[in-house]
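Asker:
In this note's numbering, the protein residues as written are 40 to 405.
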């Protein structure tokens, strides 16, 4: 066992604390990873606010990259010294999704069996089964994805959640390709990543929608061909207009990605898609939100698909190395998502900046 420093949320809405944490030696199927960088994601704030569950205290942080320090018995996928991006989808290989070849939909993803604890023995609940605002963390070995060690940790770690969710919503869930149009409603970190994914897929036009000029500018830098300030313009009508200019007869975008997670914007996405188009919900709603009322004839008459995208429907072993290669080639600007690098003691201040929309990502560098 080792003792290291980490950031916890002890109670609902309480300020985070930097405390000493006991990290067990890795058991069978587990790995200890020295964390080099970890993004401050909105999901971590949800944990602190009690919006995920009430299993306090939480060890926060999950968008992380680092070096494998040690592995337990039976681990073959990674070895000490490997540079890895952590993921919250260690697939089981045995469930019905895995057995039919859909590993990205694994119904039995798993985490480390042992618990990290406070000095008094109180067990911690690691955020998304990872817990990476810490000098070293214990995870299931399947949560470690080996990638090119020349990648910058602060950028690479963002694939662990938000950036992968957005890119995957466009490429995996939305199945965007050349000759198809895309619109993204909500241009925070996930939405801007969806814009980047649409650009990688060759979609055109790519229409970014938000009420914040700074976020719209970030989306343009990542590949948006058009931007719409929805506080000034009806986004549904503007998306339809832009797409009709490109494709004669188009009644909206082929794929509309909703990256806000609200009924109002989901309804906008529904009506902003073309006939037989696809709506992708990647924004995370709260439990009290409901699908807005829609005439059933509109659901039937427009055809197409209404999808949700969980973690960008990614398979980390397939997608992380590919995206890191694109980053190393200069074709995917992961560095653009890193607004600032901070110390582990600055997580609470980073939550405030996130709340005010001042950053795409603050990244803790250890």
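Heads up, the beta-carbon is just placed ideally off N, CA and C, and yes, glycines get one too.
Between the beta-carbon of residue 62 and the beta-carbon of residue 41, is there less than 8 Å?
Answerer: Cβ atoms of residue 62 and residue 41: closer than 8 Å.
Asker: Here's the rule: buried if 16 or more other CB atoms are within 10 angstroms of the residue's CB, otherwise exposed. What is residue 176?
Answerer: Buried, since its Cβ has 16 or more Cβ neighbours within 10 Å.
Asker: Please report the distance separating the alpha-carbon of residue 301 from that of residue 308.
Answerer: Roughly 11 Å between the two C-alpha positions.
Asker: In or out: residue 403 buried (at least 16 other Cβ within 10 Å) or exposed?
Answerer: Classification for residue 403: buried.
Asker: According to the neighbour-count rule (16 or more other Cβ atoms, all chains shown, within 10 Å of its Cβ), is residue 261 buried or exposed?
Answerer: That one is buried.
Asker: Please go through the same chain and pick out, in chain order, the residues whose beta-carbon is closer than 7 Å to the beta-carbon of residue 24, but skip the five residues on each side of it.
Answerer: Because the chain in this structure spans residues 40 to 405, residue 24 falls outside the shown range and cannot be described.
Asker: Select from 276, 352, 288 the residue whose C-alpha is nearest the C-alpha of residue 128.
Answerer: Measuring from the Cα of residue 128, the nearest candidate turns out to be 352.
Asker: Which first and last residues belong to the alpha helix (DSSP H) in which residue 307 is found?
Answerer: 302-311 is the extent of the alpha helix (DSSP H) around residue 307.
Asker: Can you grab the Cα-Cα spacing for the pair residue 66 / residue 114, in whole Å?
Answerer: In a straight line, the C-alpha of residue 66 is about 10 Å away from that of residue 114.
Asker: Nearest to residue 179 by CA position, among 170, 186, 187, is which residue?
Answerer: Cα-wise, what sits closest to residue 179 is 170.
Asker: On the three-state DSSP scale, how would you describe residue 57?
Answerer: Strand.
Asker: Determine the closest residue to residue 146 out of 159, 213, 131, with distance taken between C-alpha atoms.
Answerer: Measuring from the Cα of residue 146, the nearest candidate turns out to be 131.
Asker: Can you give me the C-alpha to C-alpha distance between residue 277 and residue 292, rounded to a whole angstrom?
Answerer: Cα to Cα, the separation comes out at about 11 Å.
Asker: So, helix, strand or coil for residue 182, using DSSP?
Answerer: Residue 182 falls in the helix class under three-state DSSP.
Asker: In whole angstroms, what is the alpha-carbon distance linking residue 362 and residue 371?
Answerer: Rounded to whole angstroms, residue 362 to residue 371 spans 7 Å at the Cα level.
Asker: If you follow the alpha helix (DSSP H) that residue 136 is part of, which residue opens it and which one closes it?
Answerer: Here the alpha helix (DSSP H) through residue 136 covers 135-138.
Asker: Excluding sequence positions up to five away, which residues of its chain have a Cβ less than 8 Å from the Cβ of residue 134?
Answerer: Cβ within range, chain order: 145, 146, 147.
Asker: With DSSP collapsed to three states, give me the class of residue 192.
Answerer: It is helical.
Asker: Can you tell me where the alpha helix (DSSP H) holding residue 44 begins and where it ends?
Answerer: Counting along the chain, residue 44 falls outside any alpha helix (DSSP H), though it belongs to the beta strand (DSSP E) covering 41-48.
Asker: Where does residue 336 fall in DSSP's three states?
Answerer: Here residue 336 sits in helix by DSSP.
Asker: Sorted by chain position, which residues of the same chain lie with C-beta nearer than 7 Å to residue 102's C-beta, five sequence neighbours on each side aside?
Answerer: 77, 78, 80, 196, 197, 199, 200, 201.
Asker: Identify the continuous alpha helix (DSSP H) that holds residue 214 and give its terminal residues.
Answerer: Element bounds for residue 214: n/a, residue is neither H nor E.
Asker: How would you call residue 369, buried or exposed, if buried means at least 16 neighbouring beta carbons within 10 angstroms?
Answerer: It counts as exposed.
Asker: With DSSP as the reference, label residue 165 as helix, strand or coil.
Answerer: Residue 165: strand per DSSP, three-state reduction.
Asker: Give the straight-line distance between the Cα atoms of residue 336 and residue 209, rounded to the nearest whole angstrom.
Answerer: Those two C-alpha atoms are separated by around 27 Å.
Asker: Pair every Cβ in the segment 105-121 with every Cβ in the segment 53-62, then say whether three or more of these pairs are closer than 8 Å.
Answerer: Flag = no, the segment 105-121 and the segment 53-62 do not touch.
Asker: Quick one: any contact between the segment 385-392 and the segment 236-245, if contact means 3 or more CB pairs under 8 Å?
Answerer: These segments do not touch.
Asker: Between the Cα of residue 394 and the Cα atoms of 243, 227, 242, 122, which residue gives the shortest distance?
Answerer: The shortest C-alpha separation from residue 394 is found at 227.
Asker: What are the start and end residues of each continuous alpha helix (DSSP H) run of 4 or more residues lying completely inside the segment 247-306, in chain order?
Answerer: If we require 4 residues or more, the alpha helix (DSSP H) runs fully inside the segment 247-306 come out as 252-260, 274-285.
Asker: Give the secondary structure of residue 402 by DSSP, where H, G and I count as helix, E and B as strand, and everything else as coil.
Answerer: Strand, per DSSP.
Asker: Tell me which residue opens and which closes the beta strand (DSSP E) that residue 105 is part of.
Answerer: From DSSP, the beta strand (DSSP E) with residue 105 extends over 102-110.
Asker: Go ahead and label residue 328 buried or exposed: buried means 16 or more other beta carbons lie within 10 angstroms of its beta carbon, across all protein chains shown.
Answerer: With fewer than 16 Cβ atoms within 10 Å of its Cβ, residue 328 is classed as exposed.
Asker: Expressed to the nearest angstrom, what Euclidean distance is found between the alpha-carbon atoms of residue 126 and residue 287?
Answerer: Near 42 Å, if we compare the C-alpha coordinates of residue 287 and residue 126.
Asker: At which residues does the alpha helix (DSSP H) containing residue 392 begin and terminate?
Answerer: Element bounds for residue 392: 386-394.
Asker: Can you find at least 3 beta carbon pairs, one from the segment 212-231 and one from the segment 149-165, that sit closer than 8 Å?
Answerer: Because the criterion of three Cβ pairs below 8 Å is not met, the segment 212-231 and the segment 149-165 do not touch.
Asker: Below 8 Å between beta carbons: does that hold for residue 434 and residue 350?
Answerer: With the chain running from 40 to 405 in the structure shown, residue 434 is simply not present.
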